[in-house]
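**Q**
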Amino acid sequence: MKPKTVKPGVVEKIIKPVYPGLPEKAQIAVEGGDHLYREIRIDNELTDEHGKKVKLKENAQVNVVVEADKAATIPKDQTQ
Numbered sequence: 170m171k172p173k174t175v176k177p178g179v180v181e182k183i184i185k186p187v188y189p190g191l192p193e194k195a196q197i198a199v200e201g202g203d204h205l206y207r208e209i210r211i212d213n214e215l216t217d218e219h220g221k222k223v224k225l226k227e228n229a230q231v232n233v234v235v236e237a238d239k240a241a242t243i244p245k246d247q248t249q
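Offset between the sequence shown (1-based) and this note's numbering: plus 169.
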């Protein structure tokens with residue numbers, strides 16, 4: 170099992186592409202993030218449990234998962 174953390178978030182807005190053919194984006198506010206850095210933008214395309222493509226809606230509650238290989242982490246009490 171890889172080390173990970175899960176942070177709650179909410180989809181603040183859906184951003185339409187500027188040019189045809191580019192993906193739509195979902196802007197997600199991550200709870201617990203620093204004020205100036207709490208939003209992330211991702212392609213608004215997910216896959217459901219049946220393999221079907223779906224999209225997020227505005228105001229949707231989501232979980233943001235950060236996962237890393239064990240080799241990419243160090244114990245919290247150890248400094249670099």
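The beta carbon of each residue, even a glycine, is placed where N, CA and C say it ideally should be.
Taking 7 Å as the threshold (C-beta atoms), are I184 and K194 in contact?
**A** Working through the sequence shown from its first residue, we reach residue 194 at position 25. Working through the sequence shown from its first residue, we reach residue 184 at position 15. Result yes, Cβ atoms of K194 and I184 sit closer than 7 Å.
**Q** With a cut-off of 8 Å on the beta carbons, I'd call D212 and P192 a contact; round off their distance for me.
**A** Taking the sequence shown and counting its residues from 1, the one referred to as residue 212 is at position 43. Taking the sequence shown and counting its residues from 1, the one referred to as residue 192 is at position 23. Between P192 and D212 the Cβ distance is about 4 Å, and since that is below 8 Å, they are a contact.
**Q** Considering only their Cβ atoms, is the gap separating A198 from E214 smaller than 7 Å?
**A** On the sequence shown, residue 214 is found 45 positions in, with the first residue counted as 1. On the sequence shown, residue 198 is found 29 positions in, with the first residue counted as 1. For E214 and A198, no; Cβs fall outside 7 Å.
**Q** Among residues of its own chain, excluding the 5 on either side of V231, which ones have a beta-carbon nearer than 8 Å to its beta-carbon?
**A** Within the sequence shown, numbered from 1, the residue matching residue 231 stands at position 62. P177, G178, V179, V180, I197 and L225, listed in sequence order.
**Q** Do V250 and K173 have their C-beta atoms within less than 7 Å of each other?
**A** The structure shown does not extend to residue 250, since the chain is modelled only from 170 through 249, so no value can be given for it.
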